[in-house]
Amino acid sequence: MDLNEKELIANLKSSGKKEGAFQVLVKTYQERLYWHIRKIVMNHDDTDDILQNVYIKVWKNVEGFREDSTLFTWLFRIATNESLSFLQKQRRHSVFSMNEISEYLADSLESDVYFDGDEIQKKLQLAITKLPEKQRIVFNMKYFDEMKYEQMSQILQTSVGALKASFHFAVKKIEEFLEEDHKK
Amino acid sequence: MKEQDENIENPLGKLNKEHPFYVPENYFETFADRLKSRIEDEEKSGRKKTLYFYLKPALSIAASIALIVLLINVPLTKFPPSNQGYLSQNQPSKDSVDSDGVIPVELITYFTEGQFLSAVSEMNELDKRKLSPDSLGDYIAANYNDYEIIANN
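Protein sequences, first through last, are from chains A and B.
Take any residue in the first sequence, count from 1 to its spot, add 415: that is its number in this note's numbering.
Take any residue in the second sequence, count from 1 to its spot, add 641: that is its number in this note's numbering.
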């Protein structure tokens, strides 16, 4: 934790400086958090809602931040949990017989107007929606964000070995999906 | 090995690693302002909630008490117990019983016929005399022996 971050946390916890420090926090992390959430829930509108929820949670709870991790790790952990909770709610509240989150994600992808990938990128995204929850998150963080396993381990609170295994299985499944799709 | 794991080459070959999503124009530029207004809205509604939160237990207790009073009061006033209705129709009212010196009917059920008659005669005898400490002492001395007086005390 560097000096700037310590100062930022101290200001976030001080009632007189909280608002200014919060603006800095939002500006610093909003893009990285946005893309992290977007890769989990796919759709822009859902991502926007979740990102706001994440920052509102931070605003309400920053006084209780224990500083045993960096702000970045703490924020990413909240964002991951909020995104997964959102998907669970979608599954519970769905009026259709939607048993798999992957169906919701595939629908979101199809209807997302803020997608400008080519056909092969769309197939890759569809393959990612077929992955189990944990593998999907690990794949996105490693493949697209190129995050280090150590950092992922702190955010997801999972051992490095388990993360490596998850990424390995995710790649295998995506390859199989793309091969099958190619044969069609 | 660790180095190899971290610096992964694209395991999916020729696939583009760039993320194919984008955001609406000026999304990140306006995000902080939208967030700020939402936090302000939440804090306003939170204050309203807090007032209700503190009043809620008191309101619940008041409503429960009102309901209990209502549940007890309405049946008693609308549907009086049947024996009370019978007594009120067939017996003098409590006031008239007291003023006329008549023994309330409810008491009769606690005595056998013999006990009742002796109690009535004793009461009539007592009524005839003017009760004073001396006359009460004379009555006790005349009607009870020493053993009965000690045993009853």
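Glycine included, C-beta positions come from ideal geometry on N, C-alpha and C.
- Against chain A, the CB of B/Tyr663 has a partner CB under 8 Å away; the residue lies at that interface.
- Under the 10 Å beta carbon count, B/Ile781 is surrounded by fewer than 16 other beta carbons and is classified as exposed.
- By the rule that beta-carbons nearer than 8 Å mark a contact, B/Glu681 does not touch chain A.
- When C-beta atoms of the segment 591–599 of chain A are compared with those of the segment 498–509 of chain A, fewer than three pairs fall below 8 Å, so the two segments do not count as touching.
- Here B/Phe662 is bridged, per DSSP, to A/Phe530.
- A/Val473 is classed as buried because its beta carbon has at least 16 other beta carbons within 10 Å across all chains shown.
- Rounded to the nearest angstrom, the gap between the Cα atoms of A/Asn419 and A/Thr485 is 12 Å.
- With a beta-carbon spacing of about 6 Å, A/Lys433 and A/Leu427 fall inside the 8 Å limit used to define contacts.
- With a threshold of 8 Å between beta carbons, B/Phe672 makes contact with chain A.
- Of all C-beta pairs linking the segment 584–594 of chain A to the segment 541–551 of chain A, three or more are shorter than 8 Å, placing the two stretches in contact.
- Residues of the segment 518–538 of chain A with a C-beta atom less than 8 Å from some C-beta of chain B are Asp527, Tyr529, Phe530, Asp531, Gly532, Asp533, Ile535, Gln536, Lys537, listed in chain order.
- In the three-state DSSP reduction, A/Lys545 falls in the coil class, being neither helix nor strand.
- Going by DSSP, A/Gln572 is part of no alpha helix (DSSP H) at all; its letter is neither H nor E.
- When C-beta atoms of the segment 490–503 of chain A are compared with those of the segment 451–469 of chain A, three or more pairs fall below 8 Å, so the two segments count as touching.
- Cα atoms of A/Glu518 and B/Glu666: separation of roughly 28 Å, rounded to the nearest angstrom.
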